[in-house]
Structures are given as structure tokens and as C-alpha cells.
Amino acid sequence: MKTVGFRSIVLYILLAAFLLGAGYLAVELAIHGGDWAMQPYNGHLYDTAELGKITDRNGHVLAYTDDDGDRLYGESEAIRRALLHTVGDTRGYISTGVQHSLSDRLTGYNFITGLSDLPFGGIDRDVALTVDQDACAAAYGALEGRNGAALVYNYKTGEVLVKVSAPGFDPENEPEDLNDDPAYNGVYLDNTLSASFTPGSIFKLVTLTAAMEKWPDSWSQRAYACEGSMEIGGSEITCFDHTAHGTQTAAEALGNSCNVYFAQLANDIGGEALQAKAEAMGFNRSFSFDSIPTAESEIKLSGADANQLGWAGVGQHTVLVNPGHMLLLMGSIANGGEAVPPRLTKSAGLLPGLSGGEKLVTAAEAVQLKALMRSNVENYYGDWNFPAGLDVCAKTGTGEVGEEKGPNCWMVGFCDNAQYPYAFAVVVEDGPGGMAAAGPVVSAALSALVD
Ligand SMILES: [Zn+2]
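To convert, take the position in the sequence shown, counting from 1, and add 81; that gives my numbering.
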């Protein structure tokens, strides 16, 4: 009897171990099965499986597989190039394209039967995106061959309407010199989500928000004098063209984009407080566009001297920002503080407006920033730069990146308009200036969206 009892215990232990192992395998398969099936070394699946159709928000076909098994893309070269980084390439080198990131859905993979159809019917392999192909093509065209990134999203629903990264190429006619021609450097990288750039003056919005937090009742009256340049911490801080802006309030200094004002302001705020506020506004962390993580916006002010802190306050020194994060920050300001999470697929996610965004600025800060950014366009940039009646609120930036290359030219902002609740973030590399280079891209995208 003793022997039988001992054997029973051993059997029970083995059975328990088997069940634990089987359970673990089932859970792993459910969570990671799609990843295993879609690994690049399972190339035969990715190449030969009939990938579903990808369409834009209006049903225009952005990618499909023809009867010969060839993968074909949008209806014109302009659309194919503009949508390259959003749709992805045939070889899967652009890992942030939905053709790669949503390969489970596009191949109909499911964790019950793998790639086979479910017993109760086939699986819908098609994916409808939120982007508008014509607005994307308009934004790409307005980049005029320069490298950069353009994003527009609906800050009420989270739908991404424009997502464009340059340089790009036509995925149906891949250039042979793609890996040799320097013009294609970084061509597989999606500049909207996977890169960060020197922001220049768009960062003054962050410095000003830190001032709002430090002096909630008196920040707008804080005045500093500008003579075109000023020695801070032993070296010069200069304004563009050494223009002397005189003594200004916060709104005037933001409109004039006065470096001397904001360098003094940053030093009075202090590095620790400025960094803490920037982090509350989304720096030094990643966000998610559906399942695609963004590169981090970076700020590190520990150990910065007074001159470095001054330059950081105007978006130079070592400050970097990601366009996707800037888009969400603009959405947060436009939407009373709440940054609605962005989405790229029409059918995925929660119902529009119910998805629950986090606050990157407070409701009070949002109201104040909105008024300042509206004043920028009304009194400094000119409403005539944009389609009529949109009440555009914006800030430009010119991020200096060194001697050999022209600056990063930025425009970030939103339409304060119930019918067109659109936020935008545009950066153009090696351009003449924020308004001159990025303004037309914003305008082209908005014009296509409100037509
Ligand atoms: Zn100035």
C-alpha cells in the first residue's frame, strides 16, 4: 500500500507539472503566438500569405495583393510615397508601418487555429486606417523634397488624419540605390514617431507653462528687457538677427520669440522646476500610437550652468522633441488639458471620446496657452497663412543644429474650431525658418482636410 501511495504522489506531481506547463504554453501562445508566427525568419508566411487590404478613412485602397500575389500600393506615386511609413514596405524594413505592426490582423492570424479560418467563418483580413490619403499627399508635397515629419489628428476622437515622414520612396518602384544614395539616409525610420529633433522656440511654450506653475497670478506681467543679446553665465544669449525687442511681457515675448526674455525666465524658474514641468508635460517618456511607441522627447538639466539653462529655455542646449509627443501636447492644450490617445485604425480601440486621455497641462494652463497661441497667429504670423475661419493657434520654432546644416523648422498648434478639431505638429529639416518652411505644410494639410 505504501508503494502504491508513493507512486500516486509521484503521478500527481507529474500531472500537476504537466498541467502547469500546458497552461503556461497556452497563455504564452495566446499572448505571443502572433509574434512567433510573424517573425522575419518565418519569412514564407509574410511573403506568401495573402495580406489583407489596407484602406484610408474614405475607403481609398492604400495596399492590396493582386491575383499574381504581388503587393501593390496606392493609386498615385504621390500617395504611395506620402503613405510609405504609415502603410509600410513589402519587405517589412519599416517596422512602424501597419503592414508590419498589424501583420497579425492582415494575415488573419488568430491564436486558436493559427493562420487557418475559424470554423464559424472566415476572418476579415482588411484594415481601415484613420488617415486621409489626399491630405497626406498634400503635406508630403508641401515639404518640397525636404526631410521632415507632418502629423495632424482630431483632438476629440484621437483619429490620426495626416502622418507623413520624409525622405520616402515609392514602394511599388523601390529605387536600386536606396542603401547607397545619401539622400535616402534614414529612409526606413518614421520621423513622426521614431525620431526626435532640436525644437528651438516651440519649447518656449513649455518654459512659459513652468512660469505659470511657479507664479500663477503674476506670470503674464513678468517683464524682461531685451537688447538683442545678453551675457548670461559668461556667454552670450542672442535673439534672431540680434533684434532688440525692448522690455516685453510674456505674450509679447512669445509673439516676438525673444530668446533673451526666455533665457532670463528659465534662470528665474530654475533648472529643477523647468525639468519637472517638462516631464509633467510628457518629456523623458514614450507614448503609444495604437501599439507603436514614440521616441522620447528629452530634457536633462542637472548640472547645466546658467548659460546652458538659458539656451535650454529657448529649446536649444540638449533639448530634443518627438513630433508625435508634440502632437499630443497640442491636443492637450486644445482640449482643455486632456490629450485623447491617438489611433491609426478606424475599427480598433474604444469609442471616440470615451478613451480617456491624460492631462499634459492643467485646464487653467490650457486656457492661457490657447489665448497666447491664438494671439501669435492673429498678431504676428497672420491668419491669411491658413484656410479661412479655422481660428488657428500656433507656435513656430527654428531649432539650430550646427554650422553645416540649416535649422529644424517647426510649426505646432491646433484649430480652435468645433467643426475641425485638428491639432498638428510639423518639422522640416534644413529649411529657411519655422513659418517659411513648416507653415505651408500645415496649411496644405488643413486645406485638404476642410475641403
Ligand atoms: Zn529679444
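Beta carbons are placed, not taken as given, at the ideal position from N, Cα and C, and that holds for glycine.
(request) Could you check what DSSP says for G515 in three-state terms: helix, strand or coil? (result) The residue given as residue 515 occupies position 434 in the sequence shown. G515: helix per DSSP, three-state reduction.
(message) What would DSSP say about I90, mapped onto helix, strand or coil?
(response) Stepping through the sequence shown from its first residue, residue 90 is reached at position 9. Three-state result, I90: helix.
(message) Any heavy atom of ligand 1 inside 8 angstroms of the beta-carbon of H326?
(response) For the purposes of this step, residue 326 is identified with residue 245 of the sequence shown, where counting begins at 1. Yes, Cβ of H326 sits closer than 8 angstroms to a heavy atom of ligand 1.
(message) Taking the straight line between their C-alpha atoms, what separation do you get for G124 and G173?
(response) By 1-based counting over the sequence shown, the position of residue 124 is 43. By 1-based counting over the sequence shown, the position of residue 173 is 92. Since pLDDT at G124 reaches only 43, below the 50 mark, its modelled position is unreliable, and no value is offered.
(message) So the candidates are Q180, P468, T426; which of them puts its Cα closest to the Cα of V77?
(response) The question about residue 77 has no answer here: the residues shown for the chain are numbered 82 through 532.
(message) Please classify E240 as buried or exposed, where buried requires at least 16 other C-beta atoms within 10 Å of its C-beta.
(response) The residue you call residue 240 lines up with position 159 of the sequence shown. By the neighbour-count rule (16 or more Cβ atoms within 10 Å), E240 is buried.
(request) Just mark P423 as buried or exposed, buried being the case when its beta carbon has 16 or more other beta carbons within 10 Å. (result) Start at 1 with the first residue of the sequence shown, and residue 423 comes out as number 342. By the neighbour-count rule (16 or more Cβ atoms within 10 Å), P423 is buried.
(message) Counting C-beta neighbours from all protein chains within 10 Å, is the total for A325 16 or more, i.e. buried, or is it exposed?
(response) Counting from one through the sequence shown, the residue named residue 325 turns up at place 244. That one is exposed.
(request) Can you tell me the Cβ-Cβ gap for F495 and A445, rounded? I've got them flagged as a contact below 8 angstroms. (result) For the purposes of this step, residue 495 is identified with residue 414 of the sequence shown, where counting begins at 1. For the purposes of this step, residue 445 is identified with residue 364 of the sequence shown, where counting begins at 1. F495 to A445, Cβ: 18 angstroms. No contact.
(request) Quick one: grab the DSSP three-state call for M407. (result) Position 326 of the sequence shown holds residue 407. Residue state, collapsed to three classes: helix.
(request) Find out if the Cβ-Cβ distance for the pair A163, A220 is shorter than 9 angstroms. (result) Counted from its first residue, the sequence shown places residue 163 at position 82. Counted from its first residue, the sequence shown places residue 220 at position 139. Against a cut-off of 9 angstroms, the Cβ pair of A220 and A163 comes out as a contact.
(request) With a 10 Å radius around its C-beta and 16 neighbouring C-beta atoms as the bar for buried, classify R366 as buried or exposed. (result) The count along the sequence shown starts at 1 and reaches residue 366 at position 285. Under this definition R366 is an exposed residue.
(message) Using C-beta distances below 8 angstroms, list every residue in its chain close to Q397, excluding the 5 sequence neighbours before and after it, in chain order.
(response) For the purposes of this step, residue 397 is taken as the residue at position 316 of the sequence shown. If we look at Q397 and ignore the five residues flanking it on each side, its Cβ neighbours are T279, G281, G480, E481.
(message) Following a CB-centred definition, is G309 positioned closer than 8 angstroms to any heavy atom of ligand 1?
(response) Position 228 of the sequence shown holds residue 309. Yes - ligand 1 has a heavy atom lying nearer than 8 angstroms to the Cβ of G309.
(request) Would you kindly report the start and end of the unbroken beta strand (DSSP E) that includes Y234? (result) Numbered from 1 along the sequence shown, position 153 holds the residue referred to as residue 234. Residues 229-235.
(message) Below 8 angstroms on the Cβ atoms is my contact criterion, and I expect G327 with A306 to pass it. Report the Cβ-Cβ distance as a whole number of Å.
(response) Sequence index remark: in the sequence shown, residue 327 carries index 246 (1-based). Sequence index remark: in the sequence shown, residue 306 carries index 225 (1-based). Sure, about 7 angstroms apart at Cβ, within 8 angstroms.
(message) Let me check you understand the geometry: is the CB of L342 closer than 8 angstroms to at least one non-hydrogen atom of ligand 1?
(response) Residue numbering aside, residue 342 sits at position 261 when the sequence shown is read from its first letter. The residue you asked about is not Leu; residue 342 is Tyr in the sequence shown. Yes; taking the cut-off as 8 angstroms, the Cβ of Y342 has a heavy atom of ligand 1 nearer than that.
(request) In angstroms with no decimal places, state the Cα-to-Cα distance between Y461 and D258. (result) The residue given as residue 461 occupies position 380 in the sequence shown. The residue given as residue 258 occupies position 177 in the sequence shown. Cα to Cα, Y461 sits roughly 44 angstroms from D258.
(message) Just to confirm my understanding: we take M311, look at its own chain, exclude 5 residues before and 5 after, and list those with CB closer than 6 angstroms. What are they?
(response) Numbered from its first residue, the sequence shown carries residue 311 at position 230. Contacts found: I318, V341.
(request) List the whole-angstrom C-beta distance separating R161 from D298, where the pair is believed to meet the contact cut-off of C-beta under 8 angstroms. (result) Here the question's residue 161 lines up with position 80 in the sequence shown. Here the question's residue 298 lines up with position 217 in the sequence shown. Not a contact, Cβ separation roughly 54 angstroms.
(message) Buried or exposed, going by whether 16 or more other CB atoms sit within 10 Å of the CB of A347?
(response) Along the sequence shown, read from residue 1 onward, the residue named residue 347 stands at position 266. Per the 10 Å Cβ criterion, buried.
(message) I need the DSSP call for A118, collapsed to helix, strand or coil.
(response) Here residue 118 corresponds to residue number 37 of the sequence shown, with the count starting at 1. For A118, the pLDDT reaches just 47, beneath the cut-off of 50, and the residue's location in the model is therefore unreliable, leaving the point undetermined.
(message) Give me, in chain order, the residues of the same chain whose beta-carbon lies closer than 7 angstroms to that of R88; leave out the 5 immediate sequence neighbours on both sides.
(response) For the purposes of this step, residue 88 is taken as the residue at position 7 of the sequence shown. No residues qualify anywhere along the chain.
(request) Give a single yes or no on whether N348 has its beta carbon closer than 8 angstroms to a heavy atom of ligand 1. (result) In the sequence shown, counting from the first residue as 1, residue 348 sits at position 267. N348: no, Cβ never under 8 angstroms from ligand 1.
(message) Taking the beta carbon of P248 as the centre, do at least 16 other beta carbons fall within 10 Å, making it buried, or is it exposed?
(response) Here residue 248 refers to the residue found at position 167 when the sequence shown is read from its first residue. So P248 counts as buried.
(message) Does the beta-carbon of N337, which I'm using as the reference point, lie nearer than 8 angstroms to any heavy atom of ligand 1?
(response) Against the sequence shown, residue 337 aligns to sequence position 256. Yes - ligand 1 has a heavy atom lying nearer than 8 angstroms to the Cβ of N337.
(request) Just tell me which of K237, D262, L410 has its CA closest to the CA of I283. (result) Here residue 283 is taken as the residue at index 202 of the sequence shown, counted from 1. Of the listed residues, the one whose Cα sits closest to I283 is L410.
(request) List the whole-angstrom C-beta distance separating E419 from L401, where the pair is believed to meet the contact cut-off of C-beta under 8 angstroms. (result) Numbered from 1 along the sequence shown, position 338 holds the residue referred to as residue 419. Numbered from 1 along the sequence shown, position 320 holds the residue referred to as residue 401. About 25 angstroms; that fails the 8 angstroms criterion.
(request) Compare the C-alpha of M293 against each of I350, P263, A276 and name the closest. (result) Counting from 1 along the sequence shown, the entry for residue 293 is found at position 212. The shortest C-alpha separation from M293 is found at I350.
(message) Using only the alpha-carbon positions, how far apart do V243 and L100 sit?
(response) Residue 243 sits at position 162 when you count from the first residue of the sequence shown. Residue 100 sits at position 19 when you count from the first residue of the sequence shown. If you take the alpha carbons of V243 and L100, they lie about 49 angstroms apart.
(request) In angstroms with no decimal places, state the Cα-to-Cα distance between A103 and L95. (result) Mapped onto the sequence shown, residue 103 falls at position 22. Mapped onto the sequence shown, residue 95 falls at position 14. Straight-line Cα distance between these residues: approximately 12 angstroms.
(message) In the DSSP output, which residue or residues are listed as bridge partners for F495?
(response) If you number the sequence shown from 1, residue 495 lands on position 414. Paired residues: C474, A504.
(message) Let's test the definition: count the other Cβ atoms within 10 Å of the Cβ of H323 and tell me whether it reaches 16, buried, or not, exposed.
(response) Here residue 323 refers to the residue found at position 242 of the sequence shown. Exposed, because fewer than 16 other Cβ atoms sit within 10 Å of the Cβ of H323.
(message) Taking the beta carbon of S372 as the centre, do at least 16 other beta carbons fall within 10 Å, making it buried, or is it exposed?
(response) Locating residue 372 in the sequence shown gives position 291, where the first residue counts as 1. Label assigned to S372: exposed.
(request) Could you spell out where the beta strand (DSSP E) holding T290 opens and where it closes? (result) Working through the sequence shown from its first residue, we reach residue 290 at position 209. Unbroken run through T290 is the alpha helix (DSSP H), 285-295; no beta strand (DSSP E).
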